[in-house]
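Residue numbers (full-length UniProt numbering), protein chains in the order written: chain L, 1 to 327; chain C, 1 to 327.
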């Protein structure tokens, strides 16, 4: 890494990538220039730290890059916007193989390209551990932003995307499952592998987010801290109480299989597991739900009690993953 | 830090800050929304690592924050744009005093506010060393972006802002000068202190960048790697040779004093010192130079030789600071 130098790596990975037409000035100058046709730009940023948000013995560098894009892209989708451009600042120790920095950048580039977005800039610096800092820009295409504060009593609560899979995949990896050994093609092993893949590269329901924004969604958020925690952000911002029931959420058979294998409660993954980057939203009526959305509860007036009730009771387990609580 | 939690710190520092009218949706939702009235947004990102880009025994947390804003804001200024919004992702070890994270955020907030820009989002995560990752958005206000590739043979080369001061300040700090002891109010000590302050908080010539953009500047860049290195980027992008002369650049008396004190060559600081975030540009004629710009040379046709000549010769010292070469 030290020999090759930052410019070579950046240029190698970024410059050869095709830019969408929304990239007016791409990487290589002091700044990039991105189209924001409707006169506004949605923007969000997240930082991933090696050993905390990813492990290179559990994920390939490309998977780390793809995960960084998913995490950031979901924030834009949760506003009802479409990602247009990513910026990536990468900190690497000098002994980092070039293939790792290039692989992370490649994963970011491929995932951005799949979204029709460009990778328009960033930075590469020397650090003690690998740090991936991503910023995403998005285009509302003339629509109003979908905020957390729009939920109203009487709304239907719905989710798009999968829940608990990333947490289950992490639990499997932490138990040493799926890390090594020959591939096991049994049905159970295949579904456990799928959970691990969900942890490595979450798949936010981007299209469902755009469909919701076009269908009069009232409030929306991405599920990064856990369903209960993120719904409580919506409830607090909207001054309402959100009531969900587990029967409507349903139990993913793969989660049931993983829970049995690890002797764990799958509902802890579903209700408090973060990083799936599913979307949760409220709609005025169940008739408004676009394809890909599942009703899981309802919005009640705020009553000074718990922000979120699960099957009529406050969920007493941890409220989801937060950086400084995760140890 | 671990006790207070990320949300408390972020909310404490970010939420109470006044947002400019260009911040349509501020921090606290999945993403922010920033005005981009002319239908385009300029964007750039930089990462600062503790021990490499700043030291907390040499700078206060607030100075680190201000420096991060200057470094990013200068990239936007170099495109001829005005900074509108900053996003800050901060990585901190758990033992970091809250005052450090809050101080960095405060410095970023105050410096952004002075530019009329908002701090609209970011992230706070646990890391092994302090990492400050900043993204800046900017508004071209309908003007064409000013690129590095616009220089033409016959142009005048000019600079705005100061050169070599940050490098001299760093050299002084590295020699133990200005780190401790009672204040020395002699004239020399005052000018050395000013150099150290320039290292701690560079002052990019934002207004001169906007004036240049309005005055038909042809090419512009910020000086972050050193005058010769950054001019060589302009020369390479434009296919020209840039010729500067030291008499036109002039020798800042404070640099002369520091050079005498440290027995160093002040021209190494001026020609290859980075991090001042001055601006370098080319104009069609000297009559086009706005206030605050000083002509230092001329643009010649590209001839396959050195990208930059200083007093007619290639500058043979290191081509300026690069992250992975700085050791």
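Heads up, the beta-carbon is just placed ideally off N, CA and C, and yes, glycines get one too.
Can you tell me whether residue 80 (chain C) is helix, strand or coil according to DSSP?
If DSSP states are grouped into helix, strand and coil, residue 80 (chain C) belongs with coil.
According to the neighbour-count rule (16 or more other Cβ atoms, all chains shown, within 10 Å of its Cβ), is residue 303 (chain C) buried or exposed?
Counting Cβ neighbours within 10 Å, residue 303 (chain C) comes out exposed, since fewer than 16 surround it.
Go to residue 44 (chain L), then tell me how far its beta strand (DSSP E) extends in each direction, as first and last residue.
Counting along the chain, residue 44 (chain L) sits inside the beta strand (DSSP E) bounded by residues 40-49.
Going along chain L in order, which residues have a C-beta closer than 9 Å to the C-beta of residue 196 (chain C)?
Listed by position along chain L, the residues whose Cβ is nearer than 9 Å to that of residue 196 (chain C) form an empty set, because the closest Cβ is around 23 Å away.
With which residues is residue 35 (chain L) paired in a DSSP beta bridge?
Beta-bridge pairing links residue 35 (chain L) to C:40.
Would you verify that the beta carbon of residue 323 (chain C) is, or is not, closer than 7 Å to some beta carbon of chain L?
Note on residue 323 (chain C): pLDDT 41, under 50, position unreliable in the model; no value is reported.
On the DSSP bridge list, what partners appear for residue 293 (chain L)?
Residue 293 (chain L) has L:160 as its beta-bridge partners, per DSSP.
With DSSP as the reference, label residue 286 (chain L) as helix, strand or coil.
In the three-state reduction of the DSSP assignment, residue 286 (chain L) falls in the helix class.
As an exercise, report each continuous alpha helix (DSSP H) stretch of at least 4 residues that is fully enclosed by the stretch 69-149 of chain L, in chain order.
Segments of the alpha helix (DSSP H) lying fully in the stretch 69-149 of chain L: 98-114.
Of the choices L:35, L:18, L:101, whose alpha-carbon is the least far from that of residue 113 (chain L)?
Here the closest residue by C-alpha is L:18.
Bounding residues of the beta strand (DSSP E) (the contiguous stretch that carries residue 221 (chain L))
Where residue 221 (chain L) is concerned, the enclosing beta strand (DSSP E) stretches over 219-223.
Check this for me: beta carbons of residue 123 (chain L) and residue 47 (chain C), under 7 Å apart or not?
Taking 7 Å as the Cβ cut-off, residue 123 (chain L) and residue 47 (chain C) qualify as a contacting pair.
Once DSSP output is grouped into helix, strand and coil, what is the label at residue 310 (chain C)?
Residue 310 (chain C) falls in the strand class under three-state DSSP.
Nearest-angstrom Cα distance between residue 159 (chain L) and residue 203 (chain C)?
Distance from the CA atom of residue 159 (chain L) to the CA atom of residue 203 (chain C), rounded to whole angstroms, is 48 Å.
Rounding to the nearest angstrom, what Cα-Cα distance links residue 21 (chain C) and residue 252 (chain L) in this structure?
The alpha-carbon separation between residue 21 (chain C) and residue 252 (chain L) amounts to approximately 46 Å.
So, does the CB of residue 223 (chain C) fall closer than 7 Å to a CB anywhere in chain L?
Residue contact with chain L for residue 223 (chain C): absent (no Cβ-Cβ distance below 7 Å to any residue of chain L).
In chain order, what residues of the same chain have a beta carbon less than 6 Å from the beta carbon of residue 206 (chain L), not counting five sequence neighbours either side?
Excluding residues within five positions, the ones whose Cβ falls inside 6 Å are 77.
Rounded to a whole number of angstroms, what is the C-alpha to C-alpha distance between residue 141 (chain C) and residue 121 (chain L)?
Between the alpha carbons of residue 141 (chain C) and residue 121 (chain L) lies a distance of about 21 Å.
Chain C contact residues for residue 33 (chain L), given Cβ-Cβ distances below 8 Å
40, 41, 42, 43, 79, 140, 145, listed in chain order.
Beta carbon of residue 110 (chain C) nearer than 7 Å to that of residue 73 (chain C)
With contacts defined as CB atoms closer than 7 Å, residue 110 (chain C) and residue 73 (chain C) fail to qualify as a contacting pair.
Own chain partners of residue 100 (chain L) with C-beta closer than 6 Å, once the 5 adjacent residues on each side are dropped
Closer than 6 Å at the Cβ level, and outside the excluded window around residue 100 (chain L), lie 61.
Exposed or buried, which one is residue 84 (chain C) when buried takes at least 16 other CB atoms within 10 Å?
So residue 84 (chain C) counts as buried.
Let me see if you follow: with CB-CB separation under 7 Å, is residue 26 (chain C) close to chain L or not?
Contact of residue 26 (chain C) with chain L is not assigned, every C-beta pair being separated by 7 Å or more.
Does the Cβ-Cβ distance between residue 145 (chain L) and residue 79 (chain L) come in under 7 Å?
Between residue 145 (chain L) and residue 79 (chain L), the C-beta spacing is below 7 Å.
Are residue 299 (chain C) and residue 223 (chain C) touching if we call contact CB-CB under 7 Å?
For residue 299 (chain C) and residue 223 (chain C), no; Cβs fall outside 7 Å.
Roughly how many whole angstroms lie between the Cα atoms of residue 75 (chain L) and residue 90 (chain C)?
So the two alpha carbons sit approximately 18 Å from each other.
Beta-carbon contacts of residue 49 (chain L) that lie in its chain and below 7 Å, excluding the five residues immediately before and after:
Beyond the five residues adjoining it in sequence on each side, residue 49 (chain L) comes within less than 7 Å, by CB distance, of 129, 131 in the same chain, given in chain order.
When you compare each of L:147, L:166, L:290 to residue 199 (chain L) by their alpha carbons, which one comes out closest?
Nearest option by C-alpha distance: L:166.
Along the stretch 102-131 of chain L, where does the CB come closer than 8 Å to a CB of chain B? Name the residues.
Reference to chain B is not applicable here, since the protein chains of this structure are L and C.
On the DSSP bridge assignment, give the partners of residue 204 (chain C) in chain order.
According to DSSP, which records beta bridges pairwise, residue 204 (chain C) is partnered with nothing at all.
Assumed close pair residue 119 (chain C), residue 34 (chain L) - CB separation to whole angstroms, cut-off 8 Å:
About 20 Å separates the Cβ atoms of residue 119 (chain C) and residue 34 (chain L), ruling out a contact at the 8 Å cut-off.
Endpoints, the beta strand (DSSP E) within which residue 262 (chain L) is located:
Segment 253-262 is the alpha helix (DSSP H) holding residue 262 (chain L); no beta strand (DSSP E) there.
Endpoints, beta strand (DSSP E) assigned at residue 23 (chain L):
In the DSSP annotation of this structure, the continuous segment of the beta strand (DSSP E) that includes residue 23 (chain L) starts and ends at 23-25.
Thinking just about the alpha-carbon of each residue, which of L:313, L:30, L:147 is nearest to the one in residue 24 (chain C)?
With respect to the C-alpha of residue 24 (chain C), the residue from L:313, L:30, L:147 having the closest C-alpha is L:147.
Neighbour list for residue 91 (chain C) in chain L, Cβ cutoff strictly below 7 Å:
By Cβ distance, chain L contributes 47, 49, 131.
Chain-ordered neighbours of residue 76 (chain C) on chain L, where CB pairs are closer than 9 Å
Simply 30, 31.
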